[in-house]
Amino acid sequence: MNSIKLDAHAKINLTLDVTGKLDNGYHTVRMVMQSVGLHDNVTVEKTDDGQITLTCDRPYVPTDGRNLAVRAANAFFAHTGLVCPGLRIDICKRIPVAAGLAGGSTDAAAVLRALDTLFETNLGLDTLCEIGLTLGADVPYCLRGGTMLAEGIGEVLSPLPAAPHCLVVLCKPAFAVSTAAVYAQIDDHMPDVRPDTAGMCQALAQGDYNGVCHRLYNVMEAVTAVRHAEIGQIKDILLSCGADGAAMSGSGPTTFGLFHDPNKAQMAFNRLKAIFPDTHLTEIL
0 MNSIKLDAHA KINLTLDVTG KLDNGYHTVR MVMQSVGLHD NVTVEKTDDG
50 QITLTCDRPY VPTDGRNLAV RAANAFFAHT GLVCPGLRID ICKRIPVAAG
100 LAGGSTDAAA VLRALDTLFE TNLGLDTLCE IGLTLGADVP YCLRGGTMLA
150 EGIGEVLSPL PAAPHCLVVL CKPAFAVSTA AVYAQIDDHM PDVRPDTAGM
200 CQALAQGDYN GVCHRLYNVM EAVTAVRHAE IGQIKDILLS CGADGAAMSG
250 SGPTTFGLFH DPNKAQMAFN RLKAIFPDTH LTEIL
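Heads up, the sequence shown is in numbering that gives the first Met the number 0, so the first residue is 0 and it goes up one at a time.
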């Protein structure tokens, strides 16, 4: 096998809480993460030129060593001691960039999985996650996917029962949010309202869709939404169209709504797409 193509799925946060700060500057979190159908296509192909080359259909995505997919390939060869014969990585980008959806991390995870298959290293998921953690805290989750409780800096993962199936409308306004700036504001003043992550886990265990929707909450939303009125605007449109629940994902700015009714989901998608082009209709996986 000389080439492999994988889907790299986005994630949303059903809950997200910041629980502390470590001496190294990293923050500890407790959150429920969920894979959704929206995905990039990542193709990895062996070449013979000794180079790692990345191409992407989005011109604003870096294709040099700043890209996590390239860093993932370098980390794989560093860990295994294999000599890279040459690689071509192509990313067909569908996940919004700098959006709180782990788009870069999921591409990196796909590259690690692809290389493990192409080079028949059989590293196993635990080892791939160890490599992934050197690239970013979300990469181990992206390697595993599904519904997970994430703790530590996001790398301590506990599987949860699958979330009830529903449709998801994702909307990213046309700006990026600095994750570091959001954490700095939380360090200065932790919002009073915190997510009920234990209750979310219980709702998932019971297959309680309404319970899941009612417990959607992201502590970072209180910080980001104050600076960016678009987040509140998106959330209002989602709820007015009949979303069963809505919240911001990650440090933002993407905001999502969960829908049981496909007609309501389509209506929300249509309304938001007319205002915010980077809007997507997808589903819980």
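Cβ coordinates follow ideal geometry from the N, Cα and C atoms, glycine included.
Contact the stretch 239 to 251 vs the stretch 12 to 25: 3+ CB pairs below 8 angstroms: Between the stretch 239 to 251 and the stretch 12 to 25, the count of C-beta pairs closer than 8 angstroms reaches three or more; the two stretches touch.
Touching by the beta-carbon criterion (3+ pairs, under 8 angstroms), the stretch 175 to 188 and the stretch 148 to 160: By the criterion of at least three beta-carbon pairs nearer than 8 angstroms, the stretch 175 to 188 is not in contact with the stretch 148 to 160.
Under the three-state DSSP convention, the category Arg-29 falls into: It is a strand residue.
Residue from Asp-186, Val-167, Ala-221 and Thr-178 with nearest C-alpha to Ala-267: Per the Cα distances, Val-167.
Sequence-distant residues of the same chain with beta carbon closer than 6 angstroms to Glu-220, five excluded per side: The answer, listed in chain order, is Met-247.
Distance between beta carbons of Phe-275 and Cys-170, contact taken as under 8 angstroms: Cys-170 to Phe-275, Cβ: 5 angstroms. Contact.
Leu-114 (DSSP reduced to helix, strand or coil): Here Leu-114 sits in helix by DSSP.
Residue of Gly-145, Val-192 and Ser-104 minimising C-alpha distance to Ala-162: Looking at Gly-145, Val-192 and Ser-104, the one whose alpha-carbon comes closest to that of Ala-162 is Gly-145.
Inter-stretch contact (C-beta, 8 angstroms, three-pair minimum) for the stretch 225 to 237 and the stretch 189 to 200: They do not touch, by the three-pair rule.
C-alpha gap between His-227 and Met-0, whole angstroms: His-227 and Met-0 have their C-alpha atoms spaced approximately 48 angstroms apart.
At least three beta-carbon pairs within less than 8 angstroms, the stretch 95 to 109 to the stretch 30 to 48: Contact holds between the stretch 95 to 109 and the stretch 30 to 48, because three or more Cβ pairs, one in each stretch, are under 8 angstroms apart.
Glu-119 classed as buried or exposed, judged by whether at least 16 other C-beta atoms fall within 10 angstroms: Exposed is the call here.
Coarse secondary structure for Thr-253, derived from DSSP in three states: In the displayed model, Thr-253 falls within coil according to three-state DSSP, outside both helix and strand.
Pro-261 burial status per 10 Å Cβ neighbour count (16 or more: buried): Within a 10 Å sphere around the beta-carbon of Pro-261 sit fewer than 16 other beta-carbons, which makes this residue exposed.
Proximal residues to Ala-202 (C-beta, below 7 angstroms), its chain only, five neighbours per side dropped: The answer, listed in chain order, is Gly-210, Val-211 and Arg-214.
Stretch pair the stretch 46 to 59 + the stretch 81 to 95: three plus CB contacts closer than 8 angstroms: Segments in contact, yes.
Whole beta strand (DSSP E) elements within the stretch 46 to 92, 3-residue minimum: Residue ranges of uninterrupted beta strand (DSSP E) with 3 or more members, entirely inside the stretch 46 to 92 and ordered along the chain, are 51 to 55 and 86 to 91.
Bounding residues of the alpha helix (DSSP H) (the contiguous stretch that carries Gly-210): From DSSP, the alpha helix (DSSP H) with Gly-210 extends over 208 to 213.
Which of helix, strand or coil DSSP assigns to Pro-95: DSSP, read as helix, strand or coil, puts Pro-95 in coil.
Nearest candidate by alpha-carbon position, reference Asp-6, set Asp-89, Asn-40 and Ile-152: Here the closest residue by C-alpha is Asn-40.
For Val-176, the three-state DSSP class (helix, strand or coil): Looking at Val-176 - three-state DSSP - the assignment turns out to be coil, as it is neither helix nor strand.
Beta-carbon proximity check, Val-28 vs Ile-230, cutoff 8 angstroms: Contact flag unset, no.
First and last residue of the uninterrupted alpha helix (DSSP H) at Thr-278: No alpha helix (DSSP H) holds Thr-278; the beta strand (DSSP E) holding it covers 278 to 282.
Per-residue DSSP class, three states only, for Val-155: Reduced to three states, the DSSP call for Val-155 is strand.
Selection from Leu-271, Tyr-208 and Thr-281 that minimises the alpha carbon distance to Gly-244: For the residues Leu-271, Tyr-208 and Thr-281, the minimum Cα distance to Gly-244 belongs to Tyr-208.
Cys-200 versus Leu-148 - alpha carbon distance: Straight-line Cα distance between these residues: approximately 8 angstroms.
Residue from Arg-70, Leu-238 and Asn-23 whose Cα sits closest to the Cα of Gly-135: The candidate whose alpha carbon is nearest that of Gly-135 is Arg-70.
Buried versus exposed call for Asn-23 [16 or more other C-beta atoms within 10 Å across all chains shown]: Exposed is the label assigned to Asn-23, since fewer than 16 other Cβ atoms lie within 10 Å of its Cβ.
Start-to-end residues for the alpha helix (DSSP H) that takes in Glu-129: Going by DSSP, Glu-129 is part of the alpha helix (DSSP H) stretching over 124 to 132.
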